[in-house]
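Per our numbering, the very first residue in the sequence shown carries number 596; after that it's consecutive. Every residue, glycine too, gets a C-beta built ideally from N, C-alpha and C. In what follows, a single structure is set out as structure tokens and then discussed.
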Amino acid sequence: MKFSILILLFSLTTQGQNRTNLFKKEETKPVIEKQALNNKKITVIKTTASISGNLPNEYLTGNRNISIDESPIILPTNKFNLRFKALKAGDLVNATIRESVFAFSESKAPVRAYITSGPLKGSILIGEASLEKNSKRILIDFKKFRDSSAKDLFQIQAAAMDDEGVLGLEGKLMSDEGNFFAAEMIAAGASGYADSTINRDQNVFGNQVDSRTGDTFAKKALVSALSKTADRFSEKLKQAPEYSVLKGPVPIQILILEQPTLNP
Numbered sequence: 596m597k598f599s600i601l602i603l604l605f606s607l608t609t610q611g612q613n614r615t616n617l618f619k620k621e622e623t624k625p626v627i628e629k630q631a632l633n634n635k636k637i638t639v640i641k642t643t644a645s646i647s648g649n650l651p652n653e654y655l656t657g658n659r660n661i662s663i664d665e666s667p668i669i670l671p672t673n674k675f676n677l678r679f680k681a682l683k684a685g686d687l688v689n690a691t692i693r694e695s696v697f698a699f700s701e702s703k704a705p706v707r708a709y710i711t712s713g714p715l716k717g718s719i720l721i722g723e724a725s726l727e728k729n730s731k732r733i734l735i736d737f738k739k740f741r742d743s744s745a746k747d748l749f750q751i752q753a754a755a756m757d758d759e760g761v762l763g764l765e766g767k768l769m770s771d772e773g774n775f776f777a778a779e780m781i782a783a784g785a786s787g788y789a790d791s792t793i794n795r796d797q798n799v800f801g802n803q804v805d806s807r808t809g810d811t812f813a814k815k816a817l818v819s820a821l822s823k824t825a826d827r828f829s830e831k832l833k834q835a836p837e838y839s840v841l842k843g844p845v846p847i848q849i850l851i852l853e854q855p856t857l858n859p
């Protein structure tokens, strides 16, 4: 009887071990594969189940480590501070101002000029015109340059000269200075004449004194008024508006002071 019980226990233990082996999870080993896609090197770690199983890789829940070595990033070339090699400081180019130019002493007017000769023919320079107070000549400073074969706008420093190489251009000066000066002369002359008609007497010390009459007081009031008028015209003469006009087209020369540079 005891022997039968031992055989039964031994058989139950063997069946339990077999069932344990049936439910034991299969151990998987990672397999490394390398794939080349275009210019990218991709390293993929897959499990044995993903290779032997019938499910696509994207449906697997196993741990997958992917490392990608991408190609280097190429940035666009920086175009800032590029120099226009066809023009250099000290060059002298021929150009024409097609439009008429108005130059003022207190403000600046826009001007454009076209290069008329050489490989840069048709290129445009843009600047500002002003009236020089002493010489009354029109000064033009060019600040922008655009090549006829390109769309880029360059920064430049250049000055306009006449055909003889003199800095600035000579236009027709328009001013009210002459009118104010004539009015000042008339007022000052009238004041002096009125003062000379005043009757004067000599006192005991030999000095001239104005006669105390009604006519003298009237003439002195007139002299004072004319003197103030002359002073007022003198102040207006200092602030008389003036400008110079240069009718186009005008042939000029342009002196390059700084090489054109492409800036933002």
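Smallest Cα separation from L857: which of F740, I849, S839? Counting from one through the sequence shown, the residue named residue 857 turns up at place 262. Nearest of F740, I849, S839 to L857, Cα basis: F740.
Own chain residues within Cβ distance below 8 angstroms of E723, not counting five before or after: One-based indexing of the sequence shown puts residue 723 at position 128. Once the five neighbours on either side are set aside, the close Cβ partners of E723 are K703, A704, P705, V706, I735, D736, K738.
Residues near A684 in its chain [Cβ-Cβ closer than 7 angstroms; skip 5 each side]: Residue numbering aside, residue 684 sits at position 89 when the sequence shown is read from its first letter. Cβ within range, chain order: I851, L852, E853, Q854.
Provide the residue span of the beta strand (DSSP E) that contains N689, from first to last. The count along the sequence shown starts at 1 and reaches residue 689 at position 94. N689 -> beta strand (DSSP E) spans 687-692.
Kindly list the residues whose CB is nearer than 6 angstroms to the CB of T691, restricted to its own chain and excluding five residues on each side of it in sequence; keep chain order. Here residue 691 is taken as the residue at index 96 of the sequence shown, counted from 1. Only Y709, T711, P844, P846 meet the Cβ criterion.
Expected contact under 8 angstroms - CB spacing of P733 and L726 to nearest Å: Walking along the sequence shown from the start, residue 733 turns up at place 138. Walking along the sequence shown from the start, residue 726 turns up at place 131. Contrary to the premise, residue 733 reads as Ile rather than Pro in this sequence. Yes, they are in contact, since the Cβ atoms of I733 and L726 sit about 6 angstroms apart, within 8 angstroms.
Please tell me whether L768 and K731 are closer than 8 angstroms, where the distance is taken between their beta carbons. By 1-based counting over the sequence shown, the position of residue 768 is 173. By 1-based counting over the sequence shown, the position of residue 731 is 136. Yes; because the gap between Cβ atoms is below 8 angstroms, this pair is in contact.
What does a CB cutoff of less than 8 angstroms around S770 pick up in its chain, not counting 5 residues either side in sequence? For this step, residue 770 is matched to residue 175 along the sequence shown. Once the five neighbours on either side are set aside, the close Cβ partners of S770 are A835, P836, E837, Y838.
What is the rounded straight-line gap between the Cα of A681 and the Cα of D742? Position 86 of the sequence shown, counting from 1, holds the residue named residue 681. Position 147 of the sequence shown, counting from 1, holds the residue named residue 742. Distance between the alpha carbons of A681 and D742 is about 10 angstroms.
Please classify G766: is it buried, with 16 or more other beta-carbons within 10 angstroms of its beta-carbon, or exposed? Position 171 of the sequence shown, counted from the start, is the residue given in the question as residue 766. Buried, because 16 or more other Cβ atoms sit within 10 Å of the Cβ of G766.
Beta-carbon separation of A755 and L764 under 8 angstroms? Numbered from its first residue, the sequence shown carries residue 755 at position 160. Numbered from its first residue, the sequence shown carries residue 764 at position 169. In contact: A755 and L764 (Cβ atoms closer than 8 angstroms).
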